[in-house]
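Here the UniProt record's numbering is used: position 253 in the sequence shown is 253, and no number is missing along the way.
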Amino acid sequence: MCITTMAGPGAVHQPHTATFRLLNDYQRGFPLVSEPFAAIGAECGLGEPAVLAALQNWLDSGVVSRVGAVFAPRRVGASALAALAAPLSRLESIAARVSAVPEVNHNYQREHPLNLWFVITAASEQRLRQIAAEIERDTGCRVVVLPLEEEFHIDLGFDLGGAVRRAASVATGDLLSIGETPCALPGIERRLMLALQSGLPLLPRPFDALGRSVGLSEAMVIDLIASWLENGLIKRFGIVVRHHELGFCANAMCVWDVPDDQVSELGRSLAAEPAVTLCYRRSRVLPDWPYNLFCMIHGKSREVVLDVREAIAARHCMNRWPGAVLFSTRRFKQQGARYLADGDA
């Protein structure tokens with residue numbers, strides 16, 4: 001059964017070949033040229049107006065979240081997964097309070113005593129902890145904060161042919177200190193990043209429009225984005241889709257309590273699995289949360305996801321360690337991460 005959304009489930013039909021290529025092939029590798037939509041259209045066999053119209057339609061219907069950058073967690077600010085145990089009688093109001101925070105970009109109900117899971121991104125670790133404390137104060141629910149420690153595979157591109165898209169490369173285990181200082185961007189670059197958080201404008205020359213809004217030339221905008229891609233500040237640049245609207249109605253956060261001296265090697269192995277969309281190590285928070293290895297599996301149905309999870313667990317001998325499967329049952333919020341607020345640039 002598909003999870004429910006605040007805007008309704010929505011249906012996505014497989015488009016004809018040209019628009020299929022547009023949505024499928026440009027989730028990464030977006031052309032950094034003056035007129036990217038014309039370049040994409042030439043590759044897909046569509047005119048520039050048709051490309052822009054298709055993207056606008058997908059944005060309006062919720063199939064596409066934005067066209068633009070996916071920034072690396074903790075490289076430009078602080079990011080953490082958080083959870084709380086909401087009484088079912090108050091779930092709606094507590095979820096609304098959490099979703100009202102601009103720095104919360106994902107907010108899901110999951111099948112676990114800790115039943116509300118959300119991602120907080122902020123300009124600093126201090127601000128992140130402040131947000132968690134404010135939510136805890138206002139809801140009366142303890143907030144469990146699970147910082148990212150090691151990243152193995154973070155990429156949410158989807159192959160519309162039915163399989164989850166592979167990342168361009170599987171991380172070799174990028175160890176992140178919990179207290180790591182994010183990279184300091186000059187003011188002009190921070191303004192560009194702030195503008196990029198909402199995605200590219202759907203105009204024939206989007207980089208020119210973006211540059212004019214922050215006081216940069218088109219060439220400088222393109223060069224900065226290219227350099228951010230090269231140094232890993234941006235994980236990928238392209239069309240950002242919403243998995244549910246594409247028909248990936250089931251998603252499960254699969255977790256295990258793995259010995260610390262084995263988690264890195266195992267994480268890299270899980271990240272190489274085609275069905276794994278995200279894989280990372282997070283802090284345990286005892287006694288509330290004993291697990292340190294996380295992976296996400298998306299599929300067309302709950303049964304498919306469970307079968308895939310069991311096959312992966314068998315291949316990697318995962319059943320020797322305690323684990324849990326947390327399916328999403330409701331999506332309250334999903335948007336791009338916002339590391340910077342309007343006053344931060």
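Even for Gly, the Cβ is constructed at its ideal location relative to N, Cα and C. Just so we're clear, the structure is a prediction, and the values are computed from it rather than from any experiment.
**Request:** May I ask you to report which of helix, strand or coil DSSP gives Leu-216?
**Result:** Indexing the sequence shown from 1 puts residue 216 at position 216. Leu-216 falls in the coil class under three-state DSSP.
**Prompt:** With distances taken between CB atoms, is the gap from Phe-207 to Met-253 smaller than 8 Å?
**Reply:** For the purposes of this step, residue 207 is identified with residue 207 of the sequence shown, where counting begins at 1. For the purposes of this step, residue 253 is identified with residue 253 of the sequence shown, where counting begins at 1. No, Cβ-Cβ distance for Phe-207 and Met-253 is not below 8 Å.
**Item:** Three-state class that DSSP yields for Trp-256 in the structure shown
**Value:** For this step, residue 256 is matched to residue 256 along the sequence shown. Here Trp-256 carries a strand assignment [DSSP, helix/strand/coil].
**Item:** Local Cβ density within 10 Å of Thr-329, reported as buried at 16 or more and exposed below that
**Value:** For this step, residue 329 is matched to residue 329 along the sequence shown. When all chains shown are included, Thr-329 counts as exposed.
**Request:** Please confirm whether Ala-83 and Leu-116 have their CB atoms less than 8 Å apart.
**Result:** Within the sequence shown, residue 83 is the residue found at index 83, counting from 1. Within the sequence shown, residue 116 is the residue found at index 116, counting from 1. In this structure, Leu-116 lies closer than 8 Å to Ala-83 by Cβ.
**Prompt:** Using a Cβ-Cβ cut-off of 8 Å (strictly less than) and excluding sequence neighbours within five positions of Asp-260, which residues of its own chain qualify?
**Reply:** Stepping through the sequence shown from its first residue, residue 260 is reached at position 260. If the five residues before and after Asp-260 are omitted, its C-beta is found closer than 8 Å to the C-beta atoms of Asn-292, all from its own chain and listed in chain order.
**Span separating the alpha-carbon of Glu-265 from that of Gly-232** = Walking along the sequence shown from the start, residue 265 turns up at place 265. Walking along the sequence shown from the start, residue 232 turns up at place 232. Rounded to the nearest angstrom, the gap between the Cα atoms of Glu-265 and Gly-232 is 22 Å.
**Request:** To the nearest angstrom, report how far apart Gly-47 and Val-70 are at their CA atoms.
**Result:** On the sequence shown, residue 47 is found 47 positions in, with the first residue counted as 1. On the sequence shown, residue 70 is found 70 positions in, with the first residue counted as 1. One C-alpha to the other measures close to 26 Å.
**Straight-line Cα distance separating Tyr-108 from Leu-146** = Taking the sequence shown and counting its residues from 1, the one referred to as residue 146 is at position 146. Taking the sequence shown and counting its residues from 1, the one referred to as residue 108 is at position 108. Distance between the alpha carbons of Leu-146 and Tyr-108 is about 15 Å.
**Asked** Taking the Cβ atom as the reference point for each residue, do Arg-309 and Phe-327 lie within a distance shorter than 8 Å?
**Response** Along the sequence shown, read from residue 1 onward, the residue named residue 309 stands at position 309. Along the sequence shown, read from residue 1 onward, the residue named residue 327 stands at position 327. Not in contact: Arg-309 and Phe-327 (Cβ atoms no closer than 8 Å).
**Prompt:** Nearest to Asp-257 by alpha carbon, out of Gly-187, Ile-312, Phe-20, Trp-321?
**Reply:** Residue 257 sits at position 257 when you count from the first residue of the sequence shown. The residue with the shortest Cα to Cα distance from Asp-257 is Trp-321.
**Message:** Counting C-beta neighbours from all protein chains within 10 Å, is the total for Thr-277 16 or more, i.e. buried, or is it exposed?
**Reply:** Translated into the one-based positions of the sequence shown, residue 277 becomes position 277. So Thr-277 counts as buried.
**Request:** Rank Arg-242, Ala-271, Ala-275, Leu-114 by C-alpha distance to the C-alpha of Arg-281 and give the top, closest one.
**Result:** Start at 1 with the first residue of the sequence shown, and residue 281 comes out as number 281. When only C-alpha atoms are compared, the closest one is Ala-271.
**Asked** Which runs of the beta strand (DSSP E), 3 residues or longer, sit entirely within the segment 48-101?
**Response** Uninterrupted beta strand (DSSP E) stretches at least 3 residues long and entirely within the segment 48-101 occur at 64-71, 78-84, given in chain order.
**Request:** Hey, could you find the ends of the beta strand (DSSP E) Gly-299 is sitting in?
**Result:** As a first step, residue 299 must be located in the sequence shown, where it is residue number 299. Judged by DSSP secondary structure, Gly-299 falls within the beta strand (DSSP E) whose first and last residues are 293-299.
**Extent of the continuous alpha helix (DSSP H) run through residue 349** = With the chain represented from 1 up to 345, any question about residue 349 goes unanswered, as that position is not in the structure.
**Prompt:** Any idea if Leu-200 is buried or exposed, counting beta-carbon neighbours within 10 angstroms, 16 or more meaning buried?
**Reply:** Residue 200 sits at position 200 when you count from the first residue of the sequence shown. Leu-200 should be labelled buried.
**Prompt:** Nearest to Glu-189 by CA position, among Leu-203, Leu-202, Ser-213, is which residue?
**Reply:** As a position in the sequence shown, residue 189 is number 189, starting the count at 1. Comparing Cα positions, the closest option is Ser-213.
**Cβ-based burial, Arg-90 [other Cβ within 10 Å; buried from 16]** = Residue numbering aside, residue 90 sits at position 90 when the sequence shown is read from its first letter. Counting Cβ neighbours within 10 Å, Arg-90 comes out exposed, since fewer than 16 surround it.
**Request:** Only counting runs of 4 or more residues, tell me where the alpha helix (DSSP H) segments fall wholly within the segment 112-156, in order along the chain.
**Result:** Counting only runs that start and end inside the segment 112-156, the alpha helix (DSSP H) elements of at least 4 residues fall at 125-139.
**Asked** Taking the alpha-carbon positions, what's the His-112 to Ala-250 distance?
**Response** Walking along the sequence shown from the start, residue 112 turns up at place 112. Walking along the sequence shown from the start, residue 250 turns up at place 250. His-112 and Ala-250: Cα-Cα distance of roughly 16 Å.
**Asked** Can you tell me the Cα-Cα spacing of Ser-198 and Ser-269, whole angstroms?
**Response** Along the sequence shown, read from residue 1 onward, the residue named residue 198 stands at position 198. Along the sequence shown, read from residue 1 onward, the residue named residue 269 stands at position 269. Those two C-alpha atoms are separated by around 34 Å.
**Request:** Select from Leu-192, Phe-20, Leu-306, Leu-81 the residue whose C-alpha is nearest the C-alpha of Leu-114.
**Result:** On the sequence shown, residue 114 is found 114 positions in, with the first residue counted as 1. When only C-alpha atoms are compared, the closest one is Leu-81.
**Asked** Would Leu-203 be called buried (16 or more neighbouring beta carbons within 10 Å of its own) or exposed?
**Response** Position 203 of the sequence shown holds residue 203. Here Leu-203 is exposed, its C-beta having fewer than 16 other C-beta atoms within 10 Å.
**Asked** Measuring CA to CA, which of Ala-85, Leu-88, Gln-130 is closest to Val-104?
**Response** For the purposes of this step, residue 104 is taken as residue 104 along the sequence shown, with counting starting at 1. Taking Val-104 as reference, the option from Ala-85, Leu-88, Gln-130 with the minimal CA-CA separation is Gln-130.
**Prompt:** Between Ile-239 and Val-67, is the Cβ-Cβ spacing less than 8 Å?
**Reply:** Position 239 of the sequence shown holds residue 239. Position 67 of the sequence shown holds residue 67. Their beta carbons are under 8 Å apart, which means Ile-239 touches Val-67 by this criterion.
**Item:** Own chain partners of Ala-163 with C-beta closer than 8 Å, once the 5 adjacent residues on each side are dropped
**Value:** To locate residue 163, count along the sequence shown from 1; it is residue 163. At Ala-163 the pLDDT is 47, less than 50, meaning the model places this residue with poor confidence and gives no usable figure here.
**Item:** Simplified DSSP assignment, three categories, for Ser-328
**Value:** One-based indexing of the sequence shown puts residue 328 at position 328. In the structure shown, Ser-328 adopts extended strand secondary structure according to DSSP, grouped into three states.
**Request:** Given a cut-off of 8 Å, decide if Arg-191 and Glu-35 are closer than it, judged by their beta-carbon atoms.
**Result:** Taking the sequence shown and counting its residues from 1, the one referred to as residue 35 is at position 35. Taking the sequence shown and counting its residues from 1, the one referred to as residue 191 is at position 191. In terms of Cβ geometry, Glu-35 and Arg-191 do not form a close pair [threshold 8 Å].
**Asked** Hey, how far is the Cα of Arg-166 from the Cα of Asp-60?
**Response** The residue you call residue 166 lines up with position 166 of the sequence shown. The residue you call residue 60 lines up with position 60 of the sequence shown. Note on Arg-166: pLDDT 43, under 50, position unreliable in the model; the coordinate value appears next. Distance between the alpha carbons of Arg-166 and Asp-60 is about 27 Å.
**Message:** On the CB-based measure, 16 or more other CB atoms within 10 Å of its CB, does Thr-17 come out buried or exposed?
**Reply:** To locate residue 17, count along the sequence shown from 1; it is residue 17. So Thr-17 ends up on the exposed side.
**Request:** Please go through the UniProt domain "Siroheme decarboxylase NirL-like HTH" (189-234) and give each complete alpha helix (DSSP H) segment of 4 or more residues, from N-terminal end onward.
**Result:** 206-214, 218-231, all fully within the UniProt domain "Siroheme decarboxylase NirL-like HTH" (189-234).
**Request:** State yes or no: is the C-beta of Glu-149 within less than 8 Å of the C-beta of Ser-65?
**Result:** Along the sequence shown, read from residue 1 onward, the residue named residue 149 stands at position 149. Along the sequence shown, read from residue 1 onward, the residue named residue 65 stands at position 65. Taking a C-beta distance under 8 Å as the contact criterion, Glu-149 and Ser-65 do not qualify as a contact pair.
**Item:** Alpha carbon of Ala-39 to alpha carbon of Gln-334, nearest angstrom
**Value:** Numbered from its first residue, the sequence shown carries residue 39 at position 39. Numbered from its first residue, the sequence shown carries residue 334 at position 334. Within the model, the alpha-carbon separation for Ala-39 versus Gln-334 is close to 29 Å.
**Start and end residues, alpha helix (DSSP H) containing Cys-279** = Locating residue 279 in the sequence shown gives position 279, where the first residue counts as 1. Per DSSP, Cys-279 lies in no alpha helix (DSSP H); the unbroken beta strand (DSSP E) holding it starts and ends at 276-282.
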